[in-house]
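The block underneath contains the structure these notes are about, expressed in structure tokens.
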């Protein structure tokens, strides 16, 4: 069995919340070291480890000497999640006490809501959407908690200030605030990072009205206890996850230098896990939002098409999606900084597992 195919099969099973259905004989020719390498690169080693360690492959993993690495990856992910989730919950309480309208997104909220609290989703920062009008309160809150504006340098183990170019980027493209960071006395998590976003889209995404209404709706629905209407929450998380994946896949800054570095299999697993959690009323609300919104439907189709192909979901059919001309021309392309459209060779599977360079359009 080819290692890339095995990783995809495991992700499909995990997304569907079922066990791996394979005998030990089917695993006999697997290079387990390569499986660990692939899973690490795709940011899904805890997921792959969890599924394999509870399967018929356990003795083979032990014989190959990788079971300790796998157990350690699960333990490390759990420790990081507990630290980050506790800190994000504390920040959320402070935000609420200050009247900051906010919603937690990505990492910790996905682990708790869509990963059945297994703490298998890897993440390294805390993400919040807030109302832009509350940014000054956010800054005051995080400053009081010891956070500084900047980024963590692994090389120096210090918090570094933003460069002039980085500061200008946050001024020119104000979808996020500057990053906040604080040193942390834990080798598994040497820095705590907070990412504050104001919009679900990106410059020229043409979904400003949808983004504003969706965020306003989910922020309005929150009560003092920080609870949220379930339909609004699922609606928000699905579109936020899809749009985030599309942005990172389409506008990868480092792609083509050595290998793809932005989009990874973890983000497609997120989409699939969220999709499997949705109920009929959630799907109906998604269809209503997509009806008549061409740009949004195009972004969702792009992500849904590739997720279906990778993980065996049926998002395109269930949402009754179809590509328009612009979307169809971009299905296997990405955009370089500066706006140049480039294709990659093969499918999304080929892109995820490729280390090749990429050709430009003729």
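Numbering (this note's numbering), first residue to last: -7 to 354.
No residue lacks a Cβ here, since even glycine has one placed at the ideal position from N, Cα and C.
Every value quoted in this text rests on a predicted model; they were computed, and no experiment measured them.
Going by Cα to Cα distance, which pick from the options is closest to residue i?
i	options	result
residue 33	109, 75, 18 and 114	114
residue 313	287, 334, 330 and 332	287
residue 265	303, 203, 61 and 126	303
residue 132	55, 91 and 337	91
residue 306	343, 4 and 335	4
residue 72	83, 58, 182 and 50	182
residue 275	108, 227, 193 and 178	227
residue 200	235, 315 and 178	235
residue 260	136, 36, 144 and 285	36
residue 61	27, 2 and 116	27
residue 277	318, 311 and 333	311
residue 329	300, 239 and 48	239
residue 6	281, 197, 327 and 257	257
residue -2	164, 24 and 9	24
residue 166	208, 175 and 195	195
residue 144	174, 155 and 128	174
residue 30	-5, 55 and 52	-5
residue 184	102, 77 and 45	77
residue 47	130, 19 and 56	19
residue 135	293, 87, 197 and 21	87
residue 281	262, 224 and 130	224
residue 233	209, 164, 279 and 101	101
residue 74	21, 204 and 118	118
residue 22	160, 105, 50 and 107	50
residue 344	316, 255, 301 and 279	255
Look up residue i in the DSSP assignment and say whether it is helix, strand or coil.
i	result
residue 259	helix
residue 355	For the chain, the structure presents residues -7 to 354; residue 355 sits outside this window and is missing.
residue 175	strand
residue 164	helix
residue 321	coil
residue 326	strand
residue 5	helix
residue 217	Below a pLDDT of 50, predicted positions are generally treated as unreliable, and residue 217, at 47, falls in that range; the measurement from the model is reported next regardless. In this structure, residue 217 counts as coil in the three-state DSSP scheme.
residue 340	helix
residue 288	helix
residue 275	helix
residue 152	strand
residue 184	strand
residue 333	strand
residue 14	coil
residue 197	coil
residue 314	coil
residue -4	helix
residue 249	Because the pLDDT of residue 249 is 48, which lies under 50, any placement of that residue in the model is unreliable, and the number read from its coordinates should be weighed accordingly. Here residue 249 sits in coil by DSSP.
Which whole-angstrom value describes the C-beta separation of residue i and residue j, a residue pair presumed to lie in contact below a C-beta threshold of 8 Å?
i	j	result
residue 298	residue 242	Not a contact, Cβ separation roughly 11 Å.
residue 206	residue 172	Going by Cβ atoms, the distance from residue 206 to residue 172 rounds to 24 Å, so no, they are not a contact pair.
residue 237	residue 295	5 Å
residue 338	residue 319	Their Cβ separation, rounded to whole angstroms, is 19 Å, which puts residue 338 and residue 319 out of contact at 8 Å.
residue 325	residue 334	6 Å
residue 93	residue 211	4 Å
residue 285	residue 202	6 Å
residue 116	residue 109	Contact flag wrong, Cβ pair sits at about 19 Å.
residue 169	residue 127	6 Å
Can you list the beta strand (DSSP E) stretches of 3 or more residues lying completely in the stretch 105 to 144, in chain order? Qualifying beta strand (DSSP E) stretches, in chain order: 118 to 122.
Contact between the stretch 123 to 141 and the stretch 97 to 115 is defined here as three or more beta-carbon pairs at a separation below 8 Å; is this criterion met? Cβ pair count under 8 Å is below three, so no.
What residue ranges within the stretch 37 to 71 form continuous alpha helix (DSSP H) runs of no fewer than 4 residues, ordered along the chain? Here the runs fully enclosed are 37 to 45 and 50 to 56.
Tell me whether the stretch 112 to 126 and the stretch 183 to 198 touch, counting them as touching only if at least three CB pairs, one residue from each stretch, are closer than 8 Å. Result yes; three or more Cβ-Cβ pairs closer than 8 Å.
Specify whether the stretch 23 to 43 and the stretch 64 to 80 touch according to this definition: at least 3 beta carbon pairs, one from each stretch, less than 8 Å apart. Three or more Cβ pairs closer than 8 Å define a contact, and the stretch 23 to 43 meets that threshold against the stretch 64 to 80.
Is the stretch 271 to 281 close to the stretch 9 to 16, with three or more CB pairs under 8 Å? No: the two stretches stay apart, fewer than three of their Cβ pairs being nearer than 8 Å.
When you compare the stretch 72 to 87 with the stretch 146 to 161, are there three or more beta-carbon pairs, one atom per stretch, that lie closer than 8 Å? Fewer than three Cβ pairs drawn from the stretch 72 to 87 and the stretch 146 to 161 lie within less than 8 Å of each other, which leaves the two stretches out of contact.
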